[in-house]
Structures are given as structure tokens and as C-alpha cells.
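A.B. asks: Quick one: the structure is below, and I'll ask about it shortly.
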Amino acid sequence: EHLLEQAVGIAGFYNQVEEARKKGEFPLPQDLVFFIAMPTPNAVVVNTTHIGGLDGTKSEDLTLGEIEGRRQAMALMRFFRKYVPGFESAYIIQTAAQIGVRETRRIMGEYVFCAEDVVSGRKFPDPVLRSAYPVDIHCSKGKGYARADDGKQPLAPPSGDWYEVPYRSLVPLKIDNLLIAGRCLSSTHEGQAAVRIMPNCMALGQAAGVAAALCVNEGVVPRHLEYSHLREYLLEQGALV
3 EHLLEQAVGI
13 AGFYNQVEEA
23 RKKGEFPLPQ
33 DLVFFIAMPT
43 PNAVVVNTTH
53 IGGLDGTKSE
63 DLTLGEIEGR
73 RQAMALMRFF
83 RKYVPGFESA
93 YIIQTAAQIG
103 VRETRRIMGE
113 YVFCAEDVVS
123 GRKFPDPVLR
133 SAYPVDIHCS
143 KGKGYARADD
153 GKQPLAPPSG
163 DWYEVPYRSL
173 VPLKIDNLLI
183 AGRCLSSTHE
193 GQAAVRIMPN
203 CMALGQAAGV
213 AAALCVNEGV
223 VPRHLEYSHL
233 REYLLEQGAL
243 V
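Take a look at the structure:
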């Protein structure tokens with residue numbers, strides 16, 4: 003309950019960003035800043051850096067991303083101190099150990115999860131995840147979201163509804179004794195953009211871990227695991243399936 007009370011996010015300060023950019027004091031592609039309150043008093047998480055045009059499978063690009071990400075973090079600290087009321091004495095407590103890469107390679111699995119599954123709120127006979135998070139594809143240039151349809155295409159399931167991700171999206175084709183969870187699951191580019199966030203990845207990891215243990219105990223490969231056995235254990239652990 004305490005955590006929920008503290009979970010306040012603020013996005014905006016467009017005018018301040020525009021003013022700072024004109025003065026060369028906001029070298030980021032975003033047109034706003036976004037931060038979230040933490041349970042720790044007087045601390046926030048700033049989610050505003052954006053690095054595009056790099057290949058997350060190449061070590062040299064990852065190196066460039068690490069450098070650019072920290073450069074942006076320092077620029078944001080200076081921006082907050084000068085332009086955002088209440089942050090005059092702010093300082094950086096820490097940055098992430100490494101940059102977050104939204105997408106690289108994905109498996110081809112028994113089922114390919116797609117955008118239509120998201121927006122239709124599709125349900126499956128073998129769910130391992132329930133979510134209502136939308137298709138979330140950021141513009142490669144860092145300015146808002148990439149939309150080619152003037153905002154007319156829905157990105158989320160209907161209000162009050164949710165979609166499910168099937169166990170089969172964790173099971174690679176033609177490979178036994180392997181399960182894949184998280185952002186590398188079997189999906190389209192658009193489908194992955196809805197599933198890749200941390201709560202979803204945690205649920206998928208839980209399902210993959212339980213499934214792996216059951217496969218060992220029952221002496222079967224993942225594609226032959228009886229889903230009802232997996233569901234029973236996931237429900238015992240409090241999973242929403």
C-alpha cells in the first residue's frame with residue numbers, strides 16, 4: 003500500500019525543455035521529461051534518456067550507447083537543477099549498470115505472438131501471462147511514438163480487458179530442452195513491444211522456470227509438457243493465468 007501511494011509519475015515540462023534546447027542546454031531528442039517518485043524520500047527515477055540508431059547485437063554500438071546514455075544523464079541533471087522547481091540541489095544517486103536494449107533477436111516458437119493478439123484482448127488455452135500493456139514502440143529519433151496511421155489504430159486491448167501470452171511462445175521450434183522468456187520470446191516486432199516491459203518479463207521468467215523444473219521431474223521436453231501441470235503450480239505461486 004505504501005509503495006502504491008508513492009508511485010506517482012510526472013511527465014511534461016515541455017516549455018522548459020524547449021527553452022533549454024534553444025540555449026543548447028538539452029542535448030536529448032525528447033521533447034519532455036518523465037520521472038517517477040520512489041519509496042525513498044526525496045528520490046525519483048528519471049526515465050528520459052533515449053538512444054537510437056544503434057544495433058544492440060554489436061559490441062561497438064553498445065559501447066557508444068553506454069557513453070551517450072551517461073552523457074544524457076549528466077545533461078538531465080543540469081536541466082533539472084536549472085529548470086524544474088524543487089530540483090535546485092538535485093544530484094544523481096546512481097545510473098543503471100548498463101543501458102537497456104528494448105529489442106534484438108527473437109526466437110521462432112510454437113506460436114508467434116502479434117499485435118492483433120494485444121489489441122483484440124486474445125485469450126489462449128495455455129496462458130502464462132495476463133497483461134493490458136499496449137504496443138509501445140518508440141520513435142527511433144526519440145520524439146514521441148512512431149505512428150503511421152494518425153493515431154487511429156488501437157494499441158491496447160479494449161478498456162477493462164486484457165490479453166494473454168501462451169506458453170507456446172516460450173518454446174522454440176526444432177530445439178528441445180530450451181525455454182525462452184522475456185523480450186526474446188516468439189513474437190512479431192509489434193507483439194514484442196507490448197510484452198517486453200519488466201512485470202511481463204518477470205511473469206514469463208517465472209513460467210519458464212517452473213516449466214523447466216516440471217520437464218526435468220517428468221522427463222519430458224518443453225513442447226510435450228502438460229499445460230495443466232504448469233498452470234497448477236503457477237496458480238499456487240499466485241500467478242495470473
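In terms of the working numbering, the sequence shown has 53 at position 51, counting the first letter as 1, and numbering is strictly consecutive. Backbone N, C-alpha and C fix where the C-beta goes; we use that ideal spot for every residue, glycine too.
How about Phe-28 and Asn-49: do their beta carbons lie closer than 8 Å?
C.D. replies: Cβ distance not < 8 Å, so Phe-28 and Asn-49 don't count as in contact.
A.B. asks: Excluding the 5 residues preceding and the 5 following Asp-128 in the sequence, name in chain order all residues of the same chain whose CB lies nearer than 7 Å to its CB.
C.D. replies: Here the set comprises Pro-168, Tyr-169, Arg-170 and Tyr-229.
A.B. asks: Would you give the residue range spanned by the alpha helix (DSSP H) that Tyr-85 belongs to?
C.D. replies: Looking at the DSSP string, the run of the alpha helix (DSSP H) that includes Tyr-85 is 61-85.
A.B. asks: Pull up the distance between the alpha-carbon of Pro-43 and that of Cys-217, whole angstroms please.
C.D. replies: Using only the alpha carbons, I get a separation of about 45 Å.
A.B. asks: Please report the straight-line C-alpha distance between Tyr-93 and Asp-138, rounded to a whole angstrom.
C.D. replies: Roughly 30 Å separates the two Cα atoms.
A.B. asks: According to DSSP, simplified to helix, strand and coil, what is Gly-244?
C.D. replies: For the chain, the structure presents residues 3 to 243; residue 244 sits outside this window and is missing.
A.B. asks: Can you tell me where the beta strand (DSSP E) with Glu-166 in it begins and where it stops?
C.D. replies: Start and end: 165-168.
A.B. asks: Give me, in chain order, the residues of the same chain whose beta-carbon lies closer than 7 Å to that of Gly-71; leave out the 5 immediate sequence neighbours on both sides.
C.D. replies: Excluding sequence neighbours, Gly-71 sits near Thr-51, Ile-53 and Ile-101.
A.B. asks: Tell me which same chain residues have a C-beta within less than 8 Å of the C-beta of Ala-148, skipping the five on either side of it?
C.D. replies: Only weak support exists for where Ala-148 lies, its pLDDT of 49 falling under 50; the coordinates are left without a value.
A.B. asks: Hey, Phe-115 and Gly-11: beta-carbon distance below 8 Å or not?
C.D. replies: In this structure, Gly-11 does not lie closer than 8 Å to Phe-115 by Cβ.
A.B. asks: Is Gly-71 a contact residue of the ligand SAH, with contact defined as CB to any heavy atom under 7 Å?
C.D. replies: Absent from the structure shown: the ligand SAH. Ligands present: none.
A.B. asks: Smallest Cα separation from Leu-78: which of Leu-181, Arg-23, Leu-180 and Met-200?
C.D. replies: Ranking Leu-181, Arg-23, Leu-180 and Met-200 by Cα distance to Leu-78 puts Arg-23 first.
A.B. asks: I need the straight-line Cα distance from Thr-190 to Arg-225, nearest angstrom please.
C.D. replies: Those two C-alpha atoms are separated by around 20 Å.
A.B. asks: Which whole runs of the alpha helix (DSSP H) in the stretch 3-49 are 4 residues long or more, in chain order?
C.D. replies: Runs found: 4-8 and 16-24.
A.B. asks: Rounding to the nearest angstrom, what Cα-Cα distance links Ser-61 and Val-103 in this structure?
C.D. replies: The straight-line gap from Cα to Cα measures roughly 12 Å.
A.B. asks: Tell me, please, which residues DSSP counts as bridged to Ser-189.
C.D. replies: In the DSSP output, where bridge partners are listed per residue, Ser-189 has Phe-115.
A.B. asks: Just list the residues that DSSP pairs Ser-133 with in beta bridges.
C.D. replies: Note: Ser-133 sits in a beta bridge opposite Tyr-165.
A.B. asks: Looking at the secondary structure, which residues open and close the alpha helix (DSSP H) in which Cys-217 lies?
C.D. replies: Start and end: 200-220.
A.B. asks: Select from Ala-158, Phe-89 and Gly-123 the residue whose C-alpha is nearest the C-alpha of Val-46.
C.D. replies: Among Ala-158, Phe-89 and Gly-123, the Cα nearest to that of Val-46 belongs to Phe-89.
A.B. asks: Less than 8 Å between the CB atoms is what I'm expecting for Ala-13 and Leu-30, so what's the real figure, rounded?
C.D. replies: That pair is no contact at about 14 Å.
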